[in-house]
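Residues 1 to 214 (the numbering used here) make up the sequence shown, in order.
We put the CB at the ideal spot given by N, CA and C, even for glycine.
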Amino acid sequence: MRHRPLTGKVVIATHNAGKLREMQELLTPFGIEAVSAGELGLPVPDETGHMFAENAAIKAHAAAKATGLPAFSDDSGLCVHALDGAPGLFTADWAGPNRDFRAAMERVHRELEKREATDRRAHFVSALVIAWPDGHEELFEGRVFGEVVWPPRGDRGFGYDPMFQPDGFVETFGELSSEEKHGIDWSKPEPEGLSHRARAFLKLAAGCLKKASA
1 MRHRPLTGKV VIATHNAGKL REMQELLTPF GIEAVSAGEL GLPVPDETGH
51 MFAENAAIKA HAAAKATGLP AFSDDSGLCV HALDGAPGLF TADWAGPNRD
101 FRAAMERVHR ELEKREATDR RAHFVSALVI AWPDGHEELF EGRVFGEVVW
151 PPRGDRGFGY DPMFQPDGFV ETFGELSSEE KHGIDWSKPE PEGLSHRARA
201 FLKLAAGCLK KASA
């Protein structure tokens, strides 16, 4: 499949400050000028999709149509295996209208306790979509597996990060630095990323981005 290159200015279709920060850091090596939907005062579209990719596309296309610029969107969530994949698409909704993720993490713990679940396996999913004003779109997905822990640990990251411990680590996402969580060493012949968003971004970069000149 031939991908469309992304250059110049792009809208990051999010009002989530933590997600915006990660996306801006990921885009920095490519010389992309990024402005957020929040900064532009764009409304948050209704996420009516049944998959992460569909919701990411809704947000990206809405921003592209409103601004006339390519728009870059992420829809992501935590899927806890013993909860049949919940909160999943409702990852943000579990935090309520005030986005209280401490309450959301408590709900995950409470639901596991109610089920007397011993399986703590979980994974994060990230669907990244770039949409152009002419309707063209590109989709890239990434996942990271691990387990949920209680009590939550760390005050870094955002969302459910303090209760997610990725495979191969003793720290949670809430204890890892930004660089450890989603930093990518682009000097390596085969760059790697830990987080779901970094893994999706690696695919996006390979298809649509070109490193900026030093």
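Along the alpha helix (DSSP H) that carries residue i, what are the first and last residues, could you check?
i	result
Lys114	101-114
Ala60	52-67
Apply the 10 Å Cβ neighbour rule to residue i and answer buried if 16 or more other Cβ atoms are within range, or exposed otherwise.
i	result
Glu70	Contrary to the premise, residue 70 reads as Pro rather than Glu in this sequence. Per the 10 Å Cβ criterion, buried.
Arg21	exposed
Glu175	buried
Trp94	buried
His61	buried
Val11	buried
Glu39	exposed
Phe90	exposed
Arg2	exposed
Arg199	buried
Gly68	exposed
What would DSSP say about residue i, mapped onto helix, strand or coil?
i	result
Arg4	coil
Arg121	strand
Glu192	coil
Arg153	coil
Ser178	helix
Pro162	helix
Glu128	For clarity, residue 128 is Leu in the given sequence; the question names Glu instead. In this structure, Leu128 counts as strand in the three-state DSSP scheme.
Phe72	strand
Pro29	helix
Gly183	coil
Gly85	coil
Leu78	strand
Asp93	helix
Glu39	coil
Phe173	coil
Lys211	coil
Rounded to whole angstroms, how far is the Cβ of residue i from the Cβ of residue j, which I believe are closer than 8 angstroms?
i	j	result
Ser126	Ser178	Actually they do not touch by this definition, with Cβ atoms about 16 angstroms apart.
Pro254	Gly193	What is shown of the chain runs 1 to 214, which leaves residue 254 out entirely.
Phe124	Val148	Rounded, the Cβ-Cβ distance is 11 angstroms, inconsistent with contact.
Ile32	Thr48	Rounded, the Cβ-Cβ distance is 29 angstroms, inconsistent with contact.
Go to residue i, then tell me how far its beta strand (DSSP E) extends in each direction, as first and last residue.
i	result
Glu141	137-148
Lys9	9-12
Ala34	33-36
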